[in-house]
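In what follows, a single structure is set out as structure tokens and then discussed.
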């Protein structure tokens, strides 16, 4: 789908490409941060067995080419100044000639990406965490199975002959894309610092790779995982190669930026907006008072600081991983979007619900929201879940408990009269715990030294008014939505703008290209109710741990 937007008056344009979990999206963005055109294209995923999630770098690059060609149709290509990529932090494996290698027991080289949400390396990450190595203090004290070191160790231990021994290059997906566009195998500081244990100040730590059994990666100055590292937005090589230019439908030689992870691009796209005149507490305060919350397949919470802050269970601090010169802490909740889908789509009433929504030319969630609007006339919608409580970590807890073993929990003690009310409650009950999770992450960050006053939301779930209002109500903080809802793509375009030299710094580009669209303030009248729900939320995980201890006992 390609969607032209806005006017096309003379000026410079930048192309942002965002590779998400299920699709590739591109946007043509002008110097003011306005989306002029948008396109998206689905990409394949494979799940050959439980906890194994795979993709193809060839499929993803082909989708990048499709969407980029669409967004530049009808544009004077000479006005396109830069190209920026962001992507999920998935692991791409290539041989010494940059050809795909299989990351699966089936030996299919087409499936050469271990996706970010893949949890096959549980045993490996436990062993890594048992080392208590000093690099772990920069990932909240406990490494996540979603990071690259455990996945690399899994490949060495399970696919030695078909993959590991033949491998020449291991890329984070964002870095693979910038290499594909430029032929330059440099890595972004964002990817290496956040997912590979690289230090912006000290570089690689040989002792870490030795102690976990991956000492062979040290050879040739870490050539397989990156020995040239650039800050996000830096210009790569001589720009877009002729071959990549032909594939993408763009002019050869235009600037291509060092990349960002997708959530970090979302943070870049929202956190620097000018908030004057909106009555916000963060007006006149440093940018460190803002928390960017990127709500997609997973939710990521990005807070920055001038000095390093160590938050137990929260990733970082990472220096210059998102905004140059600032330390980044990254909280998160895994597969938030997928859980809401699972709760609603798994209910017996879903086919009927889907049919009614389709008849009204609405999505299921828009239809449920309209149902909630009717309920709101008689009572606050949050009160529907007075007897229904959910702990949302169906895929383990990423932050701030950093506990892979936690599972989802549902407690319900009341029957409702209609199937639609039940389905609506399930959606509400799925939405609630993620807001409580955000509150828990904020409390952990503030206890450690952050001072946060305002939330900046972007991503697919931020388009849901209920989701946004609940964030404000439960955290007690105002929520800022961007003028452009596709803030991740704006962030990717900001990278291209910086690489082109049109802006003196990332901060200048952020200020010029990020704009406030809407502000949602918390409704204080229901605060006591939400505080009670939050107490139950915390009890759920406390009880889950107690149950596990009982079952493990003699």
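Residue numbers (our numbering): 16 to 569. A virtual CB, placed ideally from N, CA and C, is assigned to each residue, including glycine.
The beta-bridge partner set that DSSP reports for residue 202 consists of 244.
Secondary structure note for residue 305: its beta strand (DSSP E) is the uninterrupted segment 305-310. With contacts defined as CB atoms closer than 7 Å, residue 456 and residue 415 qualify as a contacting pair. Considering only 347, 209, 204 and 257, the residue with the shortest C-alpha distance to residue 249 is 204.
Shown here for residue 341: same chain residues with a beta carbon closer than 6 Å to its own, the five before and five after excluded, namely 319 in chain order.
Comparing alpha-carbon positions, the option among 216, 311 and 232 lying closest to residue 222 turns out to be 232. With contacts defined by Cβ atoms closer than 7 Å, residue 326 and residue 460 form a contacting pair.
Contiguous alpha helix (DSSP H) elements confined to the segment 105-174 occur at 137-145 and 163-173, taking only those with 4 or more residues.
Among the bridge pairs identified by DSSP, residue 69 is matched with 61 and 129. The Cβ atoms of residue 512 and residue 29 lie closer than 7 Å to each other.
When DSSP states are grouped into helix, strand and coil, residue 465 belongs to the coil group. With a cutoff of 7 Å on beta-carbon distance, residue 245 and residue 201 are scored as near each other. Between residue 230 and residue 224, the CB-CB gap stays under 7 Å.
Of the candidates 181, 336, 361 and 266, the residue whose Cα lies closest to the Cα of residue 212 is 336. For the pair residue 333 and residue 209, the CB atoms are nearer than the 7 Å cut-off. If one requires a minimum length of 4 residues, the alpha helix (DSSP H) runs lying completely within the segment 247-321 are 257-263 and 277-285, in chain order.
Secondary structure of residue 348 (DSSP, three-state): strand. CA-to-CA, the gap between residue 294 and residue 514 works out to about 34 Å. Of all alpha-carbon atoms in 487, 398, 240 and 348, the one lying nearest the alpha-carbon of residue 423 is that of 348. Under the DSSP assignment, residue 563 falls in the alpha helix (DSSP H) whose first and last residues are 542-567.
Of the residues assessed, residue 343 falls on the buried side of the cut-off, its CB having 16 or more other CB atoms within 10 angstroms.
A check of alpha carbon separations from residue 184 across 137, 241 and 151 identifies 241 as the nearest. Excluding five sequence positions before and after residue 281, the CB atoms of its chain that fall closer than 7 Å to its own CB belong to 307, 309, 473, 474, 502, 503 and 506, given in chain order. In the DSSP assignment, residue 238 falls outside any beta strand (DSSP E) and carries neither an H nor an E.
Residue pairing by DSSP places residue 182 opposite 110 in a beta bridge. Residue range 480-490 is occupied by the alpha helix (DSSP H) that includes residue 489. Counting the other CB atoms within 10 Å of its CB gives residue 135 a total of 16 or more, which places it among the buried residues. Distance from the CA atom of residue 89 to the CA atom of residue 491, rounded to whole angstroms, is 46 Å.
For residue 32 against residue 55, the beta-carbon gap comes to about 11 Å, at or over 8 Å, which does not count as contact. Residue pairing for residue 28: DSSP places it in a beta bridge opposite 45 and 95.
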